[in-house]
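Scroll down for the structure; my scribbles are underneath it.
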Amino acid sequence: MWIILLIIFIIVISNMFSKSGSKSTTKAITKYPTIYPVTKKAPTNYSIPSKKKFIGKNKLPEGLIITDEFNKAFDLMENSTKCAYITGKAGTGKSTLLTYFRQKTRKNVIVLAPTGIAAIQVEGSTIHSFFRFAPQLLEKKHISKDYARQDLFNKVNMIIIDEISMVRADLLDGIDYALRINRNNNTPFGGVQMVFFGDLYQLPPVVVGKDLTQYFEEHFGGIYFFNAKVFREINLEYIELQKIFRQKDSDFKDILNSIREAKVSALELLVLNKRYIPYYINDTKNVSLTLTTTNNIADDVNRNQMNSLQSKEYIYNATISGKFDKASYPTEPYLSLKKGAQIMMLKNDSQKRWVNGSLGIIQDLSSSNILIKIDNVTYTIEKATWEVIEYEYNKEENKIEAIVTGSFTQYPLKPAWAMTIHKSQGQTFDNVIIDLGNGAFAHGQTYVALSRCTSLEGIVLKSQIRYQDIILDSKVANFIKEKKQYFIN
Numbered sequence: 002m003w004i005i006l007l008i009i010f011i012i013v014i015s016n017m018f019s020k021s022g023s024k025s026t027t028k029a030i031t032k033y034p035t036i037y038p039v040t041k042k043a044p045t046n047y048s049i050p051s052k053k054k055f056i057g058k059n060k061l062p063e064g065l066i067i068t069d070e071f072n073k074a075f076d077l078m079e080n081s082t083k084c085a086y087i088t089g090k091a092g093t094g095k096s097t098l099l100t101y102f103r104q105k106t107r108k109n110v111i112v113l114a115p116t117g118i119a120a121i122q123v124e125g126s127t128i129h130s131f132f133r134f135a136p137q138l139l140e141k142k143h144i145s146k147d148y149a150r151q152d153l154f155n156k157v158n159m160i161i162i163d164e165i166s167m168v169r170a171d172l173l174d175g176i177d178y179a180l181r182i183n184r185n186n187n188t189p190f191g192g193v194q195m196v197f198f199g200d201l202y203q204l205p206p207v208v209v210g211k212d213l214t215q216y217f218e219e220h221f222g223g224i225y226f227f228n229a230k231v232f233r234e235i236n237l238e239y240i241e242l243q244k245i246f247r248q249k250d251s252d253f254k255d256i257l258n259s260i261r262e263a264k265v266s267a268l269e270l271l272v273l274n275k276r277y278i279p280y281y282i283n284d285t286k287n288v289s290l291t292l293t294t295t296n297n298i299a300d301d302v303n304r305n306q307m308n309s310l311q312s313k314e315y316i317y318n319a320t321i322s323g324k325f326d327k328a329s330y331p332t333e334p335y336l337s338l339k340k341g342a343q344i345m346m347l348k349n350d351s352q353k354r355w356v357n358g359s360l361g362i363i364q365d366l367s368s369s370n371i372l373i374k375i376d377n378v379t380y381t382i383e384k385a386t387w388e389v390i391e392y393e394y395n396k397e398e399n400k401i402e403a404i405v406t407g408s409f410t411q412y413p414l415k416p417a418w419a420m421t422i423h424k425s426q427g428q429t430f431d432n433v434i435i436d437l438g439n440g441a442f443a444h445g446q447t448y449v450a451l452s453r454c455t456s457l458e459g460i461v462l463k464s465q466i467r468y469q470d471i472i473l474d475s476k477v478a479n480f481i482k483e484k485k486q487y488f489i490n
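Note that my numbering has the sequence shown beginning at 2, numbered continuously upward.
Below you can see the structure in the form of structure tokens.
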């Protein structure tokens, strides 16, 4: 009898220690959120925010002139249910049109983008987060009905996707299937009006490896959004914005257009290569950004330049709350800066002192203060906040609302002597140094690099542009040619 009692006693004691150990493990996980390295002090005030409505901060340019092109595009979007592709050369105001429509429309609109950074810039959500897609090659078997959000799917009138050139065919067909099953509607995109913004002559979707490229060729006929099978069932309206606001010089505009369409002449290439200055040294009087083909080259330039500064290093911690994916961080959570560092502003200033992409030099800094000089004017920088949003249906008001689910607060700048051409897409600079290294290797790469600059005089080439650096995917050219046949400006 006493042996049985002893065994029971041992089992009880063992269970007590087991439960105690489980509790302490849970506390450890809760105390150290995995989003921060345990070797560093976490950015301050990490918390889960209470629900609040998102208030858009993107502003229309001062003195905005609503052109006939804008009016025609707006009319098609607002007063029809047609799906459309809205495009235009770099600097034609695609982002401005999107902001303008969003502020004026009476429709229930959801705005999406392929990457976290692009989604934050356009004040929307990522495609994957909205549809709950996993980051993988997408097939129907990966998509299921979202019963918890039926009201949201049924009430949406329009979905806008920005930076559509970076969206793959499988993702578009995934969107189509998800909308059909969630709206119980077997028409294309479940009857939702889809509007795609972007420029197919710029950088393409990322597809890694020959096997995956071959898969897209066999299953879709290509990697681009327009290769999606859904477009065999639907006629996509084509709208091209043609008035260029970024560049003023007509000769430079002509050269850019020739490079865009891979029709550059020997004379145009000769004019362009007059900007070849192989031993150019950047100076603080004429701040320039180096555009490179790879992350490694850009990282090396930034690291070497920062290390060459003998001034004291200051590190500024971000404040992060809610759901904010690391890949979407607009700048470093631990921002390392020194006096004399070249920086890029990452947000438009509400007082219009600078814009997203403005370059400057740090004049002075302390643990709580940063002074920068932009265009020979010195400013004190305040912290800024970026917000991640999700869409919800408000039954009481019968409308779709954007709700803030995460935020990132930090000084809106980063060290920027160099960045990749890929990351520069959508930006505008007065002075750039273009370093193609061993040459361009992707569709649209050279065009994107050159079209970031406002003038030919603002460009410095580290190597001459060759014909083989001007790469145009014939699939894009054929798609645009076909659509232009029916396009009336």
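Every residue, glycine too, gets a C-beta built ideally from N, C-alpha and C.
As the structure is a computational prediction, the values presented were derived from the model and not from experiment.
- Counting only runs of 3+ residues, the beta strand (DSSP E) found wholly inside the region 439-470 occupies 460-462, in chain order.
- Judged by DSSP secondary structure, Gly358 falls outside any beta strand (DSSP E); it is assigned neither H nor E.
- Going by beta carbons, Val193 and Val157 fall inside the 8 Å limit.
- The beta-carbon separation of Ala179 and Phe132, rounded to 5 Å, stays under the 8 Å limit for a contact.
- Under DSSP, Ile435 forms a beta bridge with Leu292 and Leu462.
- Per the Cβ contact rule, the region 241-251 is in contact with the region 85-93 (3 or more Cβ pairs under 8 Å).
- Contact check for Tyr225 against Ala149 fails: the beta carbons are separated by 8 Å or more.
- The criterion of a C-beta distance shorter than 8 Å is not satisfied by Leu113 and Ala74.
- For Asn258 and Ile434, the gap between their C-alpha atoms comes out near 20 Å.
- Here the alpha carbon of Ser367 sits roughly 7 Å from the alpha carbon of Tyr315.
- Between Ile404 and Glu391, the C-beta gap is smaller than 8 Å, which places the two residues in contact.
- Gly438 is positioned such that its CB atom lies no closer than 8 Å to that of Arg467.
- Under the 8 Å Cβ criterion, the region 410-430 does not count as touching the region 268-276, having fewer than three qualifying pairs.
- In the displayed model, Asp252 falls within a helix according to three-state DSSP.
- The beta carbon of Asn357 lies closer than 8 Å to those of Gln122, Met346, Leu347, Lys348, Asn349 and Gln428 in the same chain, with the five residues before and after it left out.
- The beta carbon of Lys340 sits closer than 8 Å to the beta carbons of Leu310, Ser312, Lys313, Ile363, Gln364, Asp365 and Leu366 from its chain, once the five residues preceding and following it are set aside; these are given in chain order.
- Between the C-alpha atoms of Tyr216 and Leu451 there is a straight-line separation of about 32 Å.
- Residue Thr320 holds the alpha-carbon nearest to the alpha-carbon of Glu333 among Ala342, Lys324 and Thr320.
- Taking C-alpha positions only, Lys396 is separated from Phe102 by approximately 24 Å.
- Non-local beta-carbon contacts of Leu77 in its own chain, meaning distances under 8 Å to residues more than five positions away in sequence, involve Lys83, Ala85, Glu238 and Ile240 in chain order.
- Scanning its chain for C-beta atoms nearer than 8 Å, with the 5 sequence neighbours on each side dropped, one finds around Ala135 the residues His129 and His143, in chain order.
- Counting only runs of 3 or more residues that sit fully inside the region 359-388, the beta strand (DSSP E) segments are 360-367, 370-375 and 378-381, in chain order.
- Looking from the CA of Asn186, the closest CA among Phe154, Val208, Val168 and Tyr202 belongs to Phe154.
- Following the DSSP letters along the chain, one finds Lys95 inside the alpha helix (DSSP H) bounded by residues Lys95 to Lys105.
- For Leu242, the secondary structure class from DSSP, reduced to helix, strand or coil, is strand.
- For Gly92, there is no enclosing alpha helix (DSSP H), as DSSP marks it with neither H nor E.
- Arg233 counts as exposed, since fewer than 16 other beta carbons sit within 10 angstroms of its beta carbon.
- When DSSP reads this structure, Ile401 sits in a beta bridge with Tyr394.
- Restricting attention to Tyr335, Tyr280, Lys146 and Asp152, the CA atom closest to the CA of Ile176 is found in Lys146.
- Our two residues, Ala263 and Ile375, have alpha carbons roughly 36 Å apart in a direct line.
- Cα atoms of Phe480 and Leu336: separation of roughly 43 Å, rounded to the nearest angstrom.
- By a beta-carbon distance limit of 8 Å, Ile161 contacts Val196. Their separation comes to about 5 Å.
- Rounded to whole angstroms, the Cβ separation of Met167 and Pro206 is 5 Å, and the two are in contact under 8 Å.
- For Ser337, the enclosing beta strand (DSSP E) has its first and last residue at Tyr335 to Lys339.
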